[in-house]
Each structure stands twice: as C-alpha cells, then as structure tokens.
Amino acid sequence: MKILVVGGVGYIGSHMLKRFKETNYEIEILDNLSSGQKENAQNYKLYVCDLLDKQTVYKILSEQNYDLVMHFAASINVEESYKNPKKYQQNNVINTINLLECMKDLKINKFIFSSSAAVYGEPEHIPVTELHPFNPVNPYGDTKAEVENALKSYEESCDLKYMSLRYFNACGAHLDGSIGEMHKPETHLIPLVLQVASGRKKHIEIFGDDYPTQDGTCVRDYVHVMDIVEAHMLAMENLVNTNKSQVFNIGNSKGFSVKQIIQMTKEITKVDIPVKILARRKGDPAQLIADNKKITNILNWNPKYSDLETIVKTAWNWEKKLKIQ
Ligand code: UDP
Numbered sequence: 329m330k331i332l333v334v335g336g337v338g339y340i341g342s343h344m345l346k347r348f349k350e351t352n353y354e355i356e357i358l359d360n361l362s363s364g365q366k367e368n369a370q371n372y373k374l375y376v377c378d379l380l381d382k383q384t385v386y387k388i389l390s391e392q393n394y395d396l397v398m399h400f401a402a403s404i405n406v407e408e409s410y411k412n413p414k415k416y417q418q419n420n421v422i423n424t425i426n427l428l429e430c431m432k433d434l435k436i437n438k439f440i441f442s443s444s445a446a447v448y449g450e451p452e453h454i455p456v457t458e459l460h461p462f463n464p465v466n467p468y469g470d471t472k473a474e475v476e477n478a479l480k481s482y483e484e485s486c487d488l489k490y491m492s493l494r495y496f497n498a499c500g501a502h503l504d505g506s507i508g509e510m511h512k513p514e515t516h517l518i519p520l521v522l523q524v525a526s527g528r529k530k531h532i533e534i535f536g537d538d539y540p541t542q543d544g545t546c547v548r549d550y551v552h553v554m555d556i557v558e559a560h561m562l563a564m565e566n567l568v569n570t571n572k573s574q575v576f577n578i579g580n581s582k583g584f585s586v587k588q589i590i591q592m593t594k595e596i597t598k599v600d601i602p603v604k605i606l607a608r609r610k611g612d613p614a615q616l617i618a619d620n621k622k623i624t625n626i627l628n629w630n631p632k633y634s635d636l637e638t639i640v641k642t643a644w645n646w647e648k649k650l651k652i653q
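Mapping of the sequence shown onto my numbering: residues 329 to 653, in sequence order.
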C-alpha cells in the first residue's frame, strides 16, 4: 500500500513516520515546512508544497499511485485563530478541500483526518462520546467541524471512505528521545511548563483558576503522541479492511487540571515552577475528557504511554535536548 502523509514533518506526523519505519508500507510526504522540520522526513521522499497550490498537489497525486492519504497538516493555535480567522479557513478548511478535490478527480478514496475534541466545544456531558453534538467555541474548532461535515458530503459524492480521529490533548515525545513537540510560538501547557523547569522561561501563566473544576483550573485529557500514532495504524487497517467511514475520539478518558500538570512536572524535574494566575483564555472549555470506549472496543486500541508520568518524563527528556540545541 502506498500512503501520502500530508503534514508529515510536524509533531504528530513525524512520530507517525517513525512508526511507519516498522512496516512495509510505501510512504511519501507532502509538507509546506511552515512549522515542521525537514529533518523529520527521515529519508522518505518529501514534496515541499502547500495545499493552497492545488495544481502542484494534483500533479504529485496524479504521478504517484497513492492508495490512502493521511492528513496531519493544520494550524492549531486557538488564540491565533481569533486574530487571523482567514489563515484558519485557508489552511484548515480550503486547503483540505483542495486535497479532497484532487483525490476525488484521481479516485483516491481513502483518507485519515486529524480532527479535534475542539469540535465539541463546552461539553454538555463528561466524558464526551462521539455522538455529542458539534458546538465549537473557537474559530479553530469551527474549522475542524467544517471539515468533518465536508467529509460526509465527499463520501456521498465520490465514495470517499474516511476515518476522522478527534484528538484530545496530544502531548509527550518519542520514547527514544529523538523527536518531540516543537511549536513556534509554543502555546501548549506541557512544553511551556517544562520550559520553566529547564530555565528557558521564568514562570508559567495559568489561564484562569475560577473554573467550575476541583481546583479551579481547566481539566484536559492528555494523550501521548505514540498512542495517537498507534490509533492511526489501527484506524487505517480497519478502514482498508472494512471500507467503512468512522469517527473516533482519541483520548485517555482521564482528566488532569493545569495545577496537576504543574505538580507532576515539579515531581519529575525536581524543580520549583513559579506560577502567575491570569484571566481565563478565550475559547477554553472548563473540561474536556473523552469517552474512549468506541476506539478501545472497535479498534482494540490500548493506550500504553498516556499515564501522566510517562507523558511528562518523555516530554522532559525532549525539552532537555531542545534546551542545548
Ligand atoms: N494553559 C495555561 N497556561 C499556558 C498554556 C495553557 O494555563 O501557558 C491551559 C489552557 O488554558 C488549557 C490547558 O492549559 O486549559 C491546555 O491548554 P493547551 O494550549 O495545552 O491545549 P488546548 O486544551 O488549548 O488544546
């Protein structure tokens, strides 16, 4: 099977590529290098191209016989999505439609999409099942919901079969320490707390301690990137075997608050973490915790690295490496 990995040199894509090294799949990458690193291509064929350039995308897809496309490329910063909604519509929605149009014309009909728990917004119930209605509370979440809706239409119009994987909070780094999370600017909690531990940052800002949660700070479902990658492998195999479109939550079904993350980081790094309490960040739901029964039952997904200790330890190894670079 020949697979195109779009956004393959970013955080999750690069972990996926490493996992593909253990298989016989034929892999190629398409990435615009806007946030990922070229070195993450790991000797796979890399097309440097933006999905905006539909002509070039079409040409690449028409010259290669891909059986399936995995799509990781997206803009993911909620705050930025308020400031620059056009960028989010372009990168996340229109560019994905460009890709789907090329696939439609070339009759490539298998697609794995990186969706997000952001489609649920402020959940009506916890844990959140896949049947929870879409109610995104920020422009980033809107874009993921828009693509999920578009996927249904493409299934109708061209027999596209897809897996939509709704990530909760992706985190952690590869166990071998070679790759990890690196966003510019970094906005995610765990890498930022670790930057305080390593001395790259003076303090961590807590965005709100007046939420209706146990300690007043937001609760999230943190899921290790290597478990996310394994979910992709299982989803892909299931799609190929059943030819049936499905949607899955990828979460650990356990919630941790911002303060609990900071506490675990203190324990692992043995460094004090100064904090500043700030106002709530716009577009942040109080709690997001997955119900992961669907993926554990249907795909036999069994997260192995998503306990908080392994998450913070692997991310800490990676942060120490980043600091000396
Ligand atoms: N957060 C925080 N300080 C930071 C970064 C994040 O308090 O410097 C909080 C944020 O408000 C949210 C949680 O940590 O409640 C996780 O945020 P992150 O940006 O990592 O992921 P998100 O849940 O937005 O996808």
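The beta-carbon is built from N, C-alpha and C at its ideal position, and this holds for glycine as well.
Any chance the CB of residue i is under 7 Å from a heavy atom of the ligand UDP?
{"i": "Arg609", "result": "yes"}
{"i": "Arg494", "result": "no"}
{"i": "Thr384", "result": "no"}
{"i": "His552", "result": "no"}
{"i": "Thr586", "result": "Reading the sequence as shown, one finds Val at residue 586 and not Thr. Because some heavy atom of the ligand UDP lies under 7 Å away, the Cβ of Val586 counts as near it: yes."}
{"i": "Arg347", "result": "no"}
{"i": "Asp612", "result": "yes"}
{"i": "Val406", "result": "yes"}
{"i": "Thr541", "result": "no"}
{"i": "Arg548", "result": "yes"}
{"i": "Ile532", "result": "yes"}
{"i": "Leu562", "result": "no"}
{"i": "Asn625", "result": "no"}
{"i": "Asn497", "result": "yes"}
{"i": "Leu520", "result": "yes"}
{"i": "Phe400", "result": "no"}
{"i": "Phe535", "result": "yes"}
Taking the alpha helix (DSSP H) that residue i belongs to, which residues open and close that run?
{"i": "Val337", "result": "It is not in any alpha helix (DSSP H) - Val337 carries neither H nor E in the DSSP assignment."}
{"i": "Ala563", "result": "553 to 570"}
{"i": "Leu428", "result": "423 to 434"}
{"i": "Met592", "result": "586 to 597"}
{"i": "Leu525", "result": "The amino acid occupying residue 525 in the given sequence is Ala; Leu does not appear at that position. Residues 517 to 526."}
{"i": "Ala643", "result": "636 to 652"}
{"i": "Asn497", "result": "Per DSSP, Asn497 belongs to no alpha helix (DSSP H); it is in the beta strand (DSSP E), 497 to 499."}
{"i": "Glu367", "result": "Segment: none, Glu367 is in no alpha helix (DSSP H) and carries neither H nor E."}
{"i": "Lys512", "result": "No alpha helix (DSSP H) contains Lys512, which DSSP labels as neither H nor E."}
{"i": "Glu391", "result": "382 to 391"}
{"i": "Lys415", "result": "413 to 416"}
{"i": "Ile623", "result": "621 to 626"}
Throw me the rounded Cβ distance for the residue i and residue j pair, which I believe falls under 8 Å.
{"i": "Val657", "j": "Asn420", "result": "What the structure shows of the chain is the stretch from 329 to 653, and residue 657 is not part of that stretch, so it cannot be assessed."}
{"i": "Lys572", "j": "Lys489", "result": "7 Å"}
{"i": "Tyr372", "j": "Ile388", "result": "Contact doesn't hold; Cβ gap of about 14 Å is too wide."}
{"i": "Ala618", "j": "Pro455", "result": "6 Å"}
{"i": "Asn352", "j": "Asp378", "result": "With a Cβ gap of about 30 Å, Asn352 and Asp378 do not count as contacting."}
{"i": "Thr541", "j": "Ala445", "result": "Their Cβ separation, rounded to whole angstroms, is 16 Å, which puts Thr541 and Ala445 out of contact at 8 Å."}
{"i": "Leu345", "j": "Ile331", "result": "Actually they do not touch by this definition, with Cβ atoms about 10 Å apart."}
Leaving out five residues before and five after residue i in sequence, what residues of the same chain have Cβ atoms less than 7 Å from its Cβ?
{"i": "Ile623", "result": "Ala559, Phe576, Asn577, Ile578, Trp629"}
{"i": "Lys594", "result": "Asp600, Ile601"}
{"i": "Val586", "result": "Leu517, Ile534, Thr545, Cys546"}
{"i": "Gly508", "result": "Ala501, His502, Ala643, Trp646"}
{"i": "Lys651", "result": "Ser526, Arg528"}
{"i": "Pro467", "result": "Ser409, Tyr410, Pro413, Tyr416"}
By Cβ distance below 6 Å, which residues in the same chain neighbour residue i in space, the five residues on each side in sequence not counted?
{"i": "Glu647", "result": "Leu522, Ser526"}
{"i": "Phe462", "result": "Val447, Ala473"}
{"i": "Asp487", "result": "Asn437"}
{"i": "Asn620", "result": "Asn577, Gly579, Ser581"}
{"i": "Pro631", "result": "Asp555, Asn580"}
Using only CA atoms, which one of the options lies nearest to residue i?
{"i": "Tyr550", "options": "Val334, Glu484, His531, Ala498", "result": "Ala498"}
{"i": "Ala473", "options": "Tyr448, Phe496, Glu483, Thr457", "result": "Tyr448"}
{"i": "Gly293", "options": "Asp555, Thr642, His399", "result": "The chain is shown from 329 up to 653; residue 293 falls before or after that span and cannot be answered."}
{"i": "Asp671", "options": "Ile331, Ala445, Arg347, Leu332", "result": "With the chain covering only 329 through 653, there is no way to say anything about residue 671."}
{"i": "Tyr539", "options": "Phe496, Lys610, Cys486", "result": "Lys610"}
{"i": "Ser342", "options": "Leu616, Met554, Pro519", "result": "Met554"}
{"i": "Gln383", "options": "Tyr468, Asn569, Ile440, Asn426", "result": "Asn426"}
{"i": "Glu637", "options": "Lys649, Leu459, Ile589", "result": "Ile589"}
{"i": "Glu741", "options": "Tyr633, Ser506, Val465", "result": "The requested residue 741 does not occur in the structure, where the chain is confined to residues 329 to 653."}
{"i": "Gln365", "options": "Lys512, Phe584, Thr570", "result": "Lys512"}
{"i": "Asp433", "options": "Lys604, Lys649, Tyr394", "result": "Tyr394"}
{"i": "Glu429", "options": "His460, Ser390, Leu459, Val406", "result": "Ser390"}
{"i": "Glu514", "options": "Gln370, Val397, Glu407", "result": "Glu407"}
{"i": "Thr471", "options": "Ser506, Asn423, Thr457", "result": "Asn423"}
Closer than 7 Å to a non-hydrogen atom of the ligand FAD - does that hold for the CB of residue i?
{"i": "His516", "result": "As for the ligand FAD, it is missing from this structure, which binds only the ligand UDP."}
What span of residues does the beta strand (DSSP E) with residue i cover, start to end?
{"i": "Asp470", "result": "Looking at the DSSP string, Asp470 is not in any beta strand (DSSP E); the run it does join, the alpha helix (DSSP H), is 467 to 486."}
{"i": "Ser444", "result": "438 to 444"}
{"i": "Val603", "result": "603 to 606"}
{"i": "Ile373", "result": "According to the sequence displayed, residue 373 carries Lys and not Ile. First-last of the beta strand (DSSP E) with Lys373: 373 to 376."}
{"i": "Ala402", "result": "No beta strand (DSSP E) holds Ala402; DSSP gives it neither H nor E."}
{"i": "Ile578", "result": "574 to 578"}
{"i": "Ile355", "result": "354 to 359"}
{"i": "Glu533", "result": "532 to 535"}
Using a Cβ-Cβ distance under 8 Å, would residue i count as near chain B?
{"i": "Phe462", "result": "The structure shown has no chain B; it contains just one protein chain."}
Within the same chain, show all residues whose beta-carbon is closer than 8 Å to that of residue i, passing over the 5 residues directly before and after it, in chain order.
{"i": "Leu627", "result": "Ala559, Leu562, Ala563, Asn566, Phe576"}
{"i": "Glu483", "result": "Lys489, Tyr490, Ser573"}
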